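**Student:** Mapping the sequence shown onto the working numbering, position 192 (from 1) lands on 196, and the numbers just tick up by one. Where a beta carbon is used, it is the ideal one built from N, C-alpha and C, also for glycine. Remember, predicted model here, so these are calculated numbers, not experimental data.
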Amino acid sequence: MSNAKFITIEGIEGVGKSTHMDRLVRHIKAHGHSVLTTREPGGTPTAEYIRDVVLGHNDENIPDIAELLLMFAARSLNVENIIRPALLAGTWVVCDRFADASRAYQGGGRGIPMQHINTLADWVLGDLRPDITILLDAPVDVGMSRTTRRGNPDRLDVERAEFYTRVRDCYLDLAKAEPERFVIVDASGTLDEVGALIDALATEILENK
Ligand code: TMP
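1) When the distance is taken between beta carbons, is T12 closer than 7 Å to F76?
2) My parser needs the alpha helix (DSSP H) runs of 4 or more residues fully inside the stretch 36–87; what are they?
3) Run the proximity test for S149: is its beta-carbon closer than 6 Å to any non-hydrogen atom belonging to the ligand TMP?
4) Measuring only from the beta carbon, is S38 closer than 6 Å to any heavy atom that is part of the ligand TMP?
5) May I have the straight-line CA-CA distance separating I136 from H120, to the nearest angstrom?
6) Determine which residues share a DSSP beta bridge with I14 and list them.
7) Could you tell me whether any non-hydrogen atom of the ligand TMP is closer than 6 Å to the CB of R170?
8) By the DSSP assignment, the alpha helix (DSSP H) with D126 in it spans what residues?
9) Taking C-beta to C-beta, are R170 and I16 nearer than 7 Å?
10) Give the secondary structure of F102 by DSSP, where H, G and I count as helix, E and B as strand, and everything else as coil.
11) Could you check the C-alpha separation between G1 and L72 for me, to the nearest Å?
12) Would you give the residue range spanned by the beta strand (DSSP E) that V187 belongs to?
13) Hey, quick one: how far does the alpha helix (DSSP H) through A204 stretch, first residue to last?
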């Protein structure tokens, strides 16, 4: 078995996932590990195509169930074609969102019963579980004000504050239920303040290897 770790990064919109993920990856590389980054929905050409379909604005209504299934279809591609082979080859994998995003958005946000999502997760992931899930957490108004400034909102970005409050609450519940896997990072501070928290966490992860 390889010691390569599978790390996922989660959080509502505007918590700075991409920036802090880059920072974490720099630490992992500096420790001499090979590391691959991927994202969900996406990560492979077909999964990126699904991303465009599910996040794009189109004339046809996308039922919540279709949204969930598309997320898991993309996830299956990412897991089988990218994540599992990398981990088997000893490469660390850092993934921008994973199955917890389906629990938080389609479960918490849309109200799909968690048992359906967990059944899909068991089926699609088999025994694959993230070793560590970093939850970047900030109040909904903080996240939303950052995304509004960014412009060009996708189909989920235009959801309202109540939706994101349910998503955030669900993420916090998931973290509470699995404290050995989740690390909650307070993402409400400045980029430098949150960056310092990521630096400390990276040291902890790399030294406990
Ligand atoms: P982002 O990766 O740029 O943050 O955008 C991905 C969007 O897709 C975000 O709004 C969260 C949403 N999403 C789900 O609703 N369910 C999922 O399973 C995943 C991976 C993402």
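**Tutor:** Taking the geometry as given:
1) Cβ distance not < 7 Å, so F76 and T12 don't count as in contact.
2) The stretch 36–87 is shown to contain whole alpha helix (DSSP H) runs of 4 or more residues at 49–59 and 68–82, in chain order.
3) The nearest non-hydrogen atom of the ligand TMP is 6 Å or more from the C-beta of S149.
4) Flag unset: Cβ of S38 not near the ligand TMP.
5) Approximately 23 Å between the Cα atoms of the pair.
6) Note that residue 14 is Glu in the sequence shown here, rather than Ile. E14 is bridged to L139.
7) No, since every heavy atom of the ligand TMP falls outside the 6 Å radius drawn around the Cβ of R170.
8) Per DSSP, D126 belongs to the alpha helix (DSSP H) from M118 to L129.
9) At least 7 Å separates the beta-carbon of R170 from that of I16.
10) Three-state DSSP puts F102 in coil, outside helix and strand.
11) Coverage of the chain is limited to positions 5 through 213, which leaves residue 1 absent and any answer about it impossible.
12) If you look at V187, you'll find it in the beta strand (DSSP E) that goes F186 to D190.
13) A204 -> alpha helix (DSSP H) spans L195 to E211.
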